[in-house]
Amino acid sequence: MHIEILKSKIHHAKVTEANLHYVGSVTIDENLMDAANLIEHEKVQIVVLENGERIETYVITGTRGSGMICLNGPAARRVSVGDTLIIMSYASMDFELAKSHKPSVIFPKADNLL
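As structure tokens, then:
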């Protein structure tokens with residue numbers, strides 16, 4: 007049996023940009039991606055603390071060290087610059103292996119830097 011389990015989490019990142027006229031996705035500072043064990047094009051779920059929105063999209067690599075968290079495309083309508091996000095990805099794994107799995111969880115500073 008396989009179950010879905012938390013793989014990666016960026017807890018309380020701030021939206022730095024919202025770009026409606028982009029193809030779609032979320033652009034994330036490459037330092038944050040590395041620390042949270044996320045890769046480009048990985049599917050993520052985003053929770054917006056201010057309004058309870060849940061957004062499903064994929065990751066695009068942002069400039070390393072920039073602190074960038076940019077919601078692109080239609081998701082840009084569901085956030086405001088300065089909103090607080092939780093960004094999560096999940097993995098499917100064997101139930102027994104999942105019992106010992108430890109997700110990568112990071113807590114960026116107010117400027118989205120580590």
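With this note's numbering applied, the sequence shown corresponds to residues 7 to 120, in that order. Here a beta-carbon is modelled for each residue, glycine too, at the ideal position from N, C-alpha and C.
Practice prompt. Return the residue from the list Val85, Ser106, Lys108 and Asp117 that minimises the CA-CA distance to Val32.
Written response: Closest option to Val32, judged by alpha-carbon separation, among Val85, Ser106, Lys108 and Asp117: Val85.
Which first and last residues belong to the beta strand (DSSP E) in which Asn78 is found? Asn78 -> beta strand (DSSP E) spans Ile75 to Asn78.
* Asked: In the DSSP assignment, what residue or residues form a beta bridge with Glu10?
  -> Answer is Ser98.
**Q.** Which listed residue (Ala97, His107, Ser106 and Lys20) has its alpha carbon closest to that of Leu44
**A.** Cα-wise, what sits closest to Leu44 is Ala97.
**Cβ pair count under 8 angstroms reaching 3, the segment 24-39 against the segment 77-92** = With a cut-off of 8 angstroms, the segment 77-92 and the segment 24-39 count as touching, because enough Cβ pairs lie within range.
**Prompt:** Which of the three DSSP states, helix, strand or coil, is assigned to Leu91?
**Reply:** Leu91: strand per DSSP, three-state reduction.
Compare the C-alpha of Asp40 against each of Gly68, Glu56 and Ile11 and name the closest.
If you compare the alpha carbons of Gly68, Glu56 and Ile11 with that of Asp40, the shortest gap goes to Gly68.
*asked:* Give me the DSSP bridge partner(s) of Val50.
replied: Per DSSP, Thr63.
**Asked** Relative to the C-alpha of Asp117, which residue among Gly88, Pro109 and Ala104 is closest?
**Response** Taking only the C-alpha atoms, the option nearest Asp117 is Gly88.
Cβ-based neighbour list, Glu56, same chain, cut-off 6 angstroms, excluding 5 preceding and 5 following: Same-chain partners within the cutoff: Asp89.
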